[in-house]
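Working notes for the structure below.
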Amino acid sequence: MWRNIASNALTLFVVALVVAGSALAWGKREFSSPGPLVAGICLKVDKGSNLGVVSDELAAQGAVTSDSIFRLGARYTDQSSGLKFGSYLIPAGASMAEILALITGDGQSTCGTEINYRIGVAAADLVLRQLDPATNRYVEVAKFDPATDAAPPEFVAVQDAADTRLRVTLAEGVTSWQVVEALKRAPFLAGEPGDLPAEGALAPDSYEVDRGADRAGLLAEMTMRQSAVLAGAWANRAADLPVASAQEALVLASLVEKETGVTEERARVASVFVNRLNQGIKLQTDPAVIYGLTKGKGVLGRGLRASELRSNTPYNTYVHAGLPPGPIANPGRASIEAALHPDTTDFLFFVADGTGGHAFAATLAEHNENVAKWRAIEKALAEKAAADAANGGVLQP
């Protein structure tokens with residue numbers, strides 16, 4: 031009898047082991063297999079939250095097939111105590127293992143609310159936007175200029191939330207004065223900006239910042255990035271360029287930046303300046319003349335006068351040959367690369383062509399033809415504007 035009991039017990043033990051092994055294998059498959067989400071969601075993990083709360087929320091939103099397996103998997107992989115607060119994009123089909131990696135990773139929020147302070151050439155604005163997890167695209171909620179407008183209620187409601195991401199973005203072609211003045215108005219930054227950075231020394235880029243970040247520290251990071259970009263481009267520059275230093279290359283890049291916003295044109299515009307420098311022809315670039323008048327403190331807001339084209343400022347490239355004495359803006363990486371890798375052309379002239387780009391010419395006769403075409407376009411635009419104004423401001427087809 032005891033032999034039968036022992037045999038039956040052994041059989042039950044083996045069966046239990048098989049069942050446990052099967053259950054473990056099934057749990058592992060469930061934990062690492064694609065999840066049930068058919069569209070992405072944004073998961074918010076609050077400060078002080080725990081694995082139980084998070085797993086319940088995931089189950090409620092249909093992101094996991096079993097909150098119990100999710101918790102067991104976290105404990106099995108020693109990640110149960112590694113939650114990082116923030117808002118995380120959980121993509122469609124994400125496995126429990128992938129979800130766990132997202133919420134215990136570097137703690138950088140990947141969805142939710144973002145405030146982006148965009149510093150542009152003409153103005154600066156604060157943009158509040160939220161990520162739509164279903165499309166993985168940001169949707170603008172509110173926008174305002176902190177210099178002139180009151181903050182809208184939508185902005186006030188989230189500006190101090192712990193999981194709101196903060197960003198400062200510099201447009202290509204802004205001046206150092208414009209950047210510093212705008213940063214003074216950023217409500218989520220702290221401290222004085224310090225001395226005005228040298229023109230051209232700041233990298234147009236997007237910077238994620240913490241609330242209360244130091245303004246001078248942020249400017250130092252912008253300077254460091256620009257220095258790295260310039261050093262890398264200078265080290266790999268084309269041969270036989272008419273610039274003797276990285277600083278002169280930065281000056282040339284700033285002229286390219288201010289002359290065109292069309293990516294495909296940058297190296298062609300650079301070729302015109304390079305050809306003129308090689309042939310000893312004055313650069314005759316209006317943005318440099320304007321900088322000599324404004325010193326980079328805002329935009330001129332009108333066309334240049336004939337007297338201003340004859341003004342004897344150091345930046346007047348109609349009067350003085352060669353490059354101006356310094357950059358006239360903060361050029362982006364693309365313009366720096368264009369200045370150091372210009373196209374090979376025989377162009378000496380360019381003028382606007384009415385499409386946002388420019389018409390290029392190798393001879394003065396060709397250039398004069400292009401100028402005549404542009405003047406005709408300007409005249410037609412002016413006549414249309416006058417007609418629209420006469421019709422009560424209603425745009426005519």
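Under my numbering, residues 31 to 427 are what the sequence shown spells out, in order.
We put the CB at the ideal spot given by N, CA and C, even for glycine.
query, result
"A124, buried or exposed, once every other Cβ within 10 Å from all chains shown has been counted against 16", "buried"
"For E408, three-class secondary structure by DSSP", "helix"
"Paired residues, beta bridge with R464 - DSSP", "No answer is possible for residue 464: it lies beyond the span of the chain, which begins at 31 and ends at 427."
"Assigned secondary structure, G352 (DSSP; H/G/I helix, E/B strand, else coil)", "coil"
"Three-way DSSP call (helix, strand, coil) for R148 in this model", "strand"
"Length-filtered (3 minimum) beta strand (DSSP E) runs lying within the stretch 115-199", "116-120, 143-149, 154-162, 167-174"
"Closest Cα partner of S62 within the set D76, F100, A391", "F100"
"DSSP state of S236 mapped onto helix, strand, coil", "strand"
"Burial state of A192, where buried means 16 or more other Cβ atoms lie within 10 Å", "exposed"
"Identity of the residues DSSP links to D244 by a beta bridge", "A220"
"Near the ligand MN: G352 beta-carbon under 6 angstroms from a heavy atom", "No copy of the ligand MN appears in this structure; indeed no ligand is present at all."
"Residue nearest to V157 in terms of C-alpha spacing, selected from W404, S139, P176", "P176"
"C-beta atoms of E287 and E202 nearer than 7 angstroms", "yes"
"R197 vs S139 beta-carbon contact at 7 angstroms", "no"
"Alpha carbon of N80 to alpha carbon of L130, nearest angstrom", "13 angstroms"
"Distance between A391 and D383 (C-alpha atoms, nearest Å)", "12 angstroms"
"Short Cβ contact (7 angstroms threshold) for Q256 with A233", "yes"
"Delimiting residues of the beta strand (DSSP E) encompassing V68", "Unbroken run through V68: none, as it is neither H nor E."
"6 angstroms Cβ shell around L73 - same chain, five flanking residues per side excluded", "Y118, I120"
"Test item: CB-CB of G326 and T199 under 7 angstroms", "no"
"Straight-line Cα distance separating Q189 from L339", "46 angstroms"
"Pair within 7 angstroms by beta-carbon distance, I358 and A283", "no"
"Closest Cα partner of G362 within the set A263, V302, G356, A318", "A263"
"The stretch 206-226 / the stretch 238-248 touching (three or more Cβ pairs under 8 angstroms)", "yes"
"When G103, Y106, G135 are compared against G112, the one with the closest alpha-carbon", "G135"
"Every unbroken alpha helix (DSSP H) within the stretch 72-117, with a cutoff of 4 residues, ordered by chain", "81-90, 97-106"
"Own chain residues within Cβ distance below 7 angstroms of K77, not counting five before or after", "F115, A192"
"V381 in three-state terms, based on DSSP", "strand"
"Limits of the unbroken alpha helix (DSSP H) element including A336", "336-339"
"Host beta strand (DSSP E) of A391 (start-end)", "388-391"
"C-beta contact flag for A368 and R296 at 7 angstroms", "yes"
"S98 to G224 span [Cα, whole Å]", "54 angstroms"
"Stretch-stretch touch, CB-based, cutoff 8 angstroms, three pairs: the stretch 268-281 with the stretch 340-356", "yes"
"Proximity to Y321 [Cα-Cα], best of V299, R59, T347, P183", "T347"
"Reduced DSSP category for L330 - H, G, I as helix; E, B as strand; rest coil", "coil"
"Cβ pair G70, A122 closer than 7 angstroms", "yes"
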